[in-house]
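> I have a structure I would like to understand better, so I am pasting it below and will then ask my questions one at a time.
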Amino acid sequence: MRPLRRLRPDLSSLRWKIAALAAATACLVVAAVGVLVHAWTADDIRDRAEAHAFNGLYSAMDVYRRTGTLSDGAELDPADLPAALRHPADGDRHTAYDGRVEGNSGPGFWGAQRTGGPDSPVLALYINMSSEFHTLRRLDATMAVSSLAVLAAAAPLTAYGAGLLARRLRRVSETARRIAAGDLDARTGPTKGRDEVADIAATVDLMADSLGRQLRTERRFTADVAHELRTPVGGLLAAADLLSPGETEDLLRARVRDLRGLVEDLLEISRLDAGAEQPVRTHVPLGAVVSDAVARTGFDTEVTVAGPARGAQTVETDPRRLERIVSNLVVNAHRHGAAPVQVTVEGRTVVVRDHGPGFPEDLLLHGPRRFHTGAKERGLGHGLGMTIALGQARLLGAELRLANAPDGGAVATLRLPV
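Using this note's numbering, read the sequence shown as starting at 17 and increasing by one per residue.
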C-alpha cells in the first residue's frame with residue numbers, strides 16, 4: 017500500500033528558526049534601547065548646554081555692565097549669531113540652538129541679551145557642544161560593540177535551548193510516527209517539565225493507550241468470531257456431503273466453501289494481528305514461486321519474468337506466504353478489475369496489474385478495510401484478501417504499494433527485502 021508519510025518536520029530547522037527569532041528580538045531590543053539612550057543623552061547634552069549658555073550669559077552681562085569689559089567667550093553682535101537672536105524684542109535673556117558646524121567649530125547653544133535699550137548692541141555667548149557630541153558618538157559605538165558581543169554570546173545559548181526543545185519535539189514526533197505505523201507499544205515515556213511539550217507527550221501516550229485498547233478489543237472479537245464459526249461451518253460442510261447430488265447440493269456446497277474460506281481468512285488475520293505468525297525463510301527462485309502461485313488461482317493471467325537470467329533470481333523468503341500474497345493480488349485483480357491481468361517479475365519486485373477502473377481513492381489514502389464491500393466504489397470485495405496480503409508482506413519485511421496506472425488500471429507492487 018502507499019507508504020505512510022513520515023511525520024517528521026524539519027526540527028533542526030525549527031531549532032535555527034527559534035535561534036534566529038531570538039537573535040532578531042534581541043537586535044530589536046538592543047536597537048530600541050540604543051535609540052532611547054542616544055535620544056535621552058542628546059537631549060540631556062542640549063539641556064545642559066542651554067542652561068550653561070543661560071547662566072553664563074547672566075555672568076557675562078553682569079561683568080559688562082559693571083566694568084564695560086567682555087568676559088571670556090562673550091561677544092557683542094557676533095557675525096555668527098543666529099537671526100532669531102540678532103534683534104531680540106525685549107531685554108531678557110534668550111537662547112537658541114545652532115547646529116551649524118562652520119564658523120563655530122561644531123554645534124552648540126547661543127545665549128543673547130541686549131545690553132541696554134532697543135538699539136543697544138546684543139551681548140552673546142556661545143557654548144560649544146562638540147566634545148559632548150563626540151562623547152555621545154563614542155557611547156553609541158561602545159553600545160554597538162557591546163551589543164554585538166552580547167549577541168555573539170547569547171546566540172549559542174539560544175541555539176542550545178532551542179535544540180533541547182527540538183529534541184523533545186522530535187521524540188514526540190517519532191513516537192507518533194511509530195504509533196501511526198502500527199507500533200502500539202511506542203510511548204514517549206516520562207517527560208521532564210510541565211510545559212506544553214510535556215502536555216503533548218502525555219496526550220500522545222494517552223492516545224496510544226486508548227487506540228491500543230480499541231484495537232485489542234477488535235482483534236479479540238475477530239478471533240473469537242472466527243473460532244466460534246469454525247465448528248458450525250465444518251458441520252454445515254459435512255451435512256452438505258449427505259445431500260443428494262444435484263444443483264441445490266452444488267450451490268449449497270459452494271456457499272459453505274465460501275463461508276469456510278471467510279472464516280479461515282478471519283483466523284489468519286487474527287493470527288497476524290496477534291503477532292503469532294513467524295515466517296520460515298528459505299532460498300527459492302522468485303519467478304518459479306510467482307508462476308506457481310498464479311497458476312493455482314485458476315485465472316488466465318499473463319506472467320512475465322524479466323531480466324537476463326529468467327527465473328534464476330533467488331530470494332530468501334517464506335514461499336508459502338509469498339504465494340499467499342501473489343494469489344490474493346491476482347484474485348483481487350480478476351474479481352474487481354478487468355482483463356488482461358499481467359504479472360511481472362523483475363529482480364526482487366513483483367508487479368500485478370489489471371486494466372479495470374483502478375483502486376478507489378479511499379483505498380489509496382487509508383488502505384484496505386475489512387468487510388468493506390466497495391461495490392459502489394469499484395472494488396475491494398470484503399477487503400480481507402488485500403488485508404491479508406498487506407499483513408503477510410509486512411511479516412516478510414516486504415513493501416506492498418497500491419497505485420493506479422496513468423492509462424487506467426490498478427497496480428500492486430511488491431518489493432521483497434534484500
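Positions of the beta carbon are idealized from the N, C-alpha and C atoms, including for glycine.
Could you name the residues that DSSP lists as bridge partners for Ala-90?
For the purposes of this step, residue 90 is taken as the residue at position 74 of the sequence shown. DSSP output for Ala-90 lists Leu-141 as bridge partner(s).
> Would Thr-158 be called buried (16 or more neighbouring beta carbons within 10 Å of its own) or exposed?
Taking the first residue of the sequence shown as position 1, residue 158 is located at position 142. Exposed, because fewer than 16 other Cβ atoms sit within 10 Å of the Cβ of Thr-158.
> Let me make sure I understand the geometry here. Which of Pro-384, Leu-245, Glu-148 and Glu-332 has the alpha-carbon closest to that of Asn-344?
Reading the sequence shown from its first residue, position 328 is the one you call residue 344. Here the closest residue by C-alpha is Pro-384.
> Let's test the definition: count the other Cβ atoms within 10 Å of the Cβ of Thr-111 and tell me whether it reaches 16, buried, or not, exposed.
On the sequence shown, position 95 is the one that residue 111 refers to. So Thr-111 counts as buried.
> To the nearest angstrom, report how far apart Ala-168 and Ala-47 are at their CA atoms.
Translated into the one-based positions of the sequence shown, residue 168 becomes position 152. Translated into the one-based positions of the sequence shown, residue 47 becomes position 31. About 15 angstroms.
> In chain order, what residues of the same chain have a beta carbon less than 6 angstroms from the beta carbon of Ala-428, not counting five sequence neighbours either side?
Numbered from its first residue, the sequence shown carries residue 428 at position 412. The residues are Leu-345, Val-368 and Leu-418.
> Would you list the one or two residues that DSSP bridges to Glu-318?
As a first step, residue 318 is located in the sequence shown; it is residue number 302 there, counting from the start. In DSSP, Glu-318 forms a bridge with Gln-358.
> Rounded C-beta distance between Asp-370 and Ala-349? I'm assuming under 8 angstroms.
Numbered from 1 along the sequence shown, position 354 holds the residue referred to as residue 370. Numbered from 1 along the sequence shown, position 333 holds the residue referred to as residue 349. Going by Cβ atoms, the distance from Asp-370 to Ala-349 rounds to 4 angstroms, so yes, they are a contact pair.
> Kindly provide the ranges of any beta strand (DSSP E) runs that are 3 or more residues long and lie completely inside the segment 102-180, ordered along the chain.
Runs of the beta strand (DSSP E) inside the segment 102-180: 110-114, 124-130 and 138-144.
> Going by Cα to Cα distance, which pick from Gln-230, Thr-233 and Ala-202 is closest to Ala-218?
As a first step, residue 218 must be located in the sequence shown, where it is residue number 202. Per the Cα distances, Ala-202.
> Candidates Arg-194, Gly-198, Leu-222 and Ala-197: which alpha carbon is nearest Gly-206's?
Taking the sequence shown and counting its residues from 1, the one referred to as residue 206 is at position 190. Here residue 206 turns out to be Pro, not Gly, going by the sequence shown. Per the Cα distances, Leu-222.
> Just to confirm before moving on: does the CB-CB distance between Met-145 and Ala-65 stay below 8 angstroms?
Your numbering for residue 145 matches position 129 in the sequence shown. Your numbering for residue 65 matches position 49 in the sequence shown. Their beta carbons are under 8 angstroms apart, which means Met-145 touches Ala-65 by this criterion.
> Straight-line CA distance for Leu-86 to Phe-149?
Counting from one through the sequence shown, the residue named residue 86 turns up at place 70. Counting from one through the sequence shown, the residue named residue 149 turns up at place 133. In a straight line, the C-alpha of Leu-86 is about 28 angstroms away from that of Phe-149.
> Less than 8 angstroms between the CB atoms is what I'm expecting for Arg-130 and Pro-104, so what's the real figure, rounded?
Position 114 of the sequence shown holds residue 130. Position 88 of the sequence shown holds residue 104. With a Cβ gap of about 6 angstroms, Arg-130 and Pro-104 count as contacting.
> Go to Glu-332, then tell me how far its beta strand (DSSP E) extends in each direction, as first and last residue.
Start at 1 with the first residue of the sequence shown, and residue 332 comes out as number 316. 330-333 is the span of the beta strand (DSSP E), which, as asked, contains Glu-332.
> Can you list, in chain order, the residues of its chain with a C-beta nearer than 8 angstroms to that of Pro-98? Leave out the 5 residues immediately preceding and following it.
Indexing the sequence shown from 1 puts residue 98 at position 82. Result list for Pro-98: Ala-112, Asp-114 and Trp-126, in chain order.
> Do you know offhand how far Ala-58's Cα is from Val-161's?
Translated into the one-based positions of the sequence shown, residue 58 becomes position 42. Translated into the one-based positions of the sequence shown, residue 161 becomes position 145. Cα to Cα, the separation comes out at about 20 angstroms.
> What does the Cβ neighbour count give for Gln-408, buried or exposed, with the cut at 16 atoms within 10 Å?
Here residue 408 refers to the residue found at position 392 of the sequence shown. Its Cβ being crowded by 16 or more others within 10 Å, Gln-408 is buried.
> Ala-414 to Leu-338, Cα distance in whole Å?
Along the sequence shown, one-based indexing puts residue 414 at 398. Along the sequence shown, one-based indexing puts residue 338 at 322. Taking the straight line from one Cα to the other gives about 10 angstroms.
> Determine whether the beta carbon atoms of Leu-185 and Ala-224 lie at a separation below 8 angstroms.
In the sequence shown, counting from the first residue as 1, residue 185 sits at position 169. In the sequence shown, counting from the first residue as 1, residue 224 sits at position 208. No, Cβ-Cβ distance for Leu-185 and Ala-224 is not below 8 angstroms.
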